[in-house]
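Residue 74 in the numbering used here is what sits at position 83 of the sequence shown, and the numbering runs on without skipping anything.
Note sheet for the following structure.
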Amino acid sequence: MKLHYAPRTRSFTALWMLEEVGAPYEIVTVDMRGPSHPAAALKAVNPMGKLPALEDGDAKFGETAAILLYLADKYPAAGLAPAPTDARRGRFLQWLMFPATTIEPAAFEKMTKGPTNPTAAGWGSYERMLDAVSGALAPGSNLFDAAFTAADLYMASSLKFMMTFGMIEKRAVFEDFVGRAEARPAWARATAIEAERGAG
Ligand SMILES: N[C@@H](CCC(=O)N[C@@H](CS)C(=O)NCC(=O)O)C(=O)O
């Protein structure tokens, strides 16, 4: 597999997931500030020319949530997704989609032009989104189950990134959840790779 990646971006979430599943992969570092970005080669993998993007033989695609789901399903031994027939699968998918569909748009809306119409906007509002996430993250727990899944990984990675950059407020329940996720050996390996790649 090839991960199209840039340091200190959403690429980290896919990198962490690759470390969790333990399958071999290589990293293709993209210079997002370079004059040729987004290059045709990247757009052939992800038509948006955005990162992360994954190549696995004939499978070529972007979107963080799609990459996480693809890897969780392809490598079930890692135990990062309930099986399609498992009743917990629906809740898993709900939270796996949530950072991209709801957390990011609600936080960006708050940062930029303020609230629109929370009934019409698919992401509701910043406050409604924060309450939903806080409600799901009781102290000491994962999102919906005893087992850590790819949805927890994505949620932890998103919350960390957004708290670091002041895009969402810091809540103790978020920090507790992120801290526990960061205790995973795969997170430490991905962080070391990121530190190496991001130097300079
Ligand atoms: N919805 C996408 C968003 C990806 C995205 O916006 N990635 C940023 C880096 S964090 C990017 O590639 N920016 C460079 C560009 O837009 O050309 C996902 O979740 O994967």
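For glycine and all other residues, C-beta sits at the position ideal for the given N, C-alpha and C.
Simplified DSSP assignment, three categories, for Thr103: Locating residue 103 in the sequence shown gives position 112, counting from the first residue. In this structure, Thr103 counts as coil in the three-state DSSP scheme.
Inter-residue Cα distance where the pair is Gly189 and Phe165: Your numbering for residue 189 matches position 198 in the sequence shown. Your numbering for residue 165 matches position 174 in the sequence shown. Cα-Cα distance, rounded: 26 angstroms.
Contact set, ligand 1 heavy atom to C-beta under 5 angstroms: Thr0, Arg1, Met23, Lys41, Leu42, Glu54, Thr55 and Ala91
Beta carbon of Asp46 nearer than 8 angstroms to that of Met8: As a working mapping, residue 46 is identified with position 55 in the sequence shown. As a working mapping, residue 8 is identified with position 17 in the sequence shown. With the sequence shown as reference, residue 46 is identified as Glu, and Asp is not the correct amino acid for it. Cβ distance not < 8 angstroms, so Glu46 and Met8 don't count as in contact.
Ala138 and Gly70 closer than 8 angstroms at C-beta: Residue numbering aside, residue 138 sits at position 147 when the sequence shown is read from its first letter. Residue numbering aside, residue 70 sits at position 79 when the sequence shown is read from its first letter. Their beta carbons are under 8 angstroms apart, which means Ala138 touches Gly70 by this criterion.
DSSP state of Ala50 mapped onto helix, strand, coil: The sequence position of residue 50 within the sequence shown is 59, counting from 1. Ala50: strand per DSSP, three-state reduction.
Buried versus exposed call for Arg1 [16 or more other C-beta atoms within 10 Å across all chains shown]: In the sequence shown, the residue the question calls residue 1 occupies position 10. Classification for Arg1: buried.
Ligand 2 heavy atom lying under 7 angstroms from the CB of Ala69: In terms of ligand content, the structure shown lacks ligand 2 and carries ligand 1 instead.
Pair within 8 angstroms by beta-carbon distance, Asp122 and Arg79: Start at 1 with the first residue of the sequence shown, and residue 122 comes out as number 131. Start at 1 with the first residue of the sequence shown, and residue 79 comes out as number 88. Going by C-beta atoms, Asp122 is not nearer than 8 angstroms to Arg79.
Whole-number beta carbon distance between Ala72 and Thr140, since they are thought to touch under 8 angstroms: Position 149 of the sequence shown holds residue 140. Position 81 of the sequence shown holds residue 72. Going by Cβ atoms, the distance from Thr140 to Ala72 rounds to 6 angstroms, so yes, they are a contact pair.
Proximity to Gly157 [Cα-Cα], best of Pro(-2), Phe89 and Ala98: Your numbering for residue 157 matches position 166 in the sequence shown. Checked all of Pro(-2), Phe89 and Ala98; the closest Cα to Gly157 is Ala98.
Whole-Å CB distance - Pro142 paired with Leu87, under 8 angstroms assumed: As a first step, residue 142 is located in the sequence shown; it is residue number 151 there, counting from the start. As a first step, residue 87 is located in the sequence shown; it is residue number 96 there, counting from the start. A small fix is needed here, since residue 142 is Ala in this sequence, not Pro. The pair is a contact, with the Cβ atoms about 4 angstroms apart (cut-off 8 angstroms).
Buried or exposed (CB count within 10 angstroms, at least 16 for buried), Leu6: Looking up residue 6 in the sequence shown gives position 15. That one is buried.
Nearest candidate by alpha-carbon position, reference Glu11, set Thr110, Arg175 and Met146: For the purposes of this step, residue 11 is identified with residue 20 of the sequence shown, where counting begins at 1. Comparing Cα-Cα distances from Glu11 to each of Thr110, Arg175 and Met146, the minimum goes to Arg175.
Closest by C-alpha distance to Leu42, when choosing among Asp49, Pro29 and Ala50: To locate residue 42, count along the sequence shown from 1; it is residue 51. Taking only the C-alpha atoms, the option nearest Leu42 is Pro29.
Thr20 (DSSP reduced to helix, strand or coil): As a first step, residue 20 is located in the sequence shown; it is residue number 29 there, counting from the start. Strand.
Helix, strand or coil at Tyr(-4) [DSSP, three-state]: Position 5 of the sequence shown, counted from the first residue, corresponds to residue -4. Three-state DSSP puts Tyr(-4) in a strand.
Closest residue to Leu59 among Ala44, Val124 and Gly105 (Cα-Cα distance): Here the question's residue 59 lines up with position 68 in the sequence shown. Comparing Cα positions, the closest option is Ala44.
CA nearest to the CA of Leu150, picked from Gly131, Ser132 and Ser125: Taking the first residue of the sequence shown as 1, we reach residue 150 at position 159. Answer by Cα proximity: Ser125.
Cβ-based neighbour list, Ala56, same chain, cut-off 7 angstroms, excluding 5 preceding and 5 following: In the sequence shown, counting from the first residue as 1, residue 56 sits at position 65. Same-chain partners within the cutoff: Leu87, Met88, Ala91 and Tyr145.
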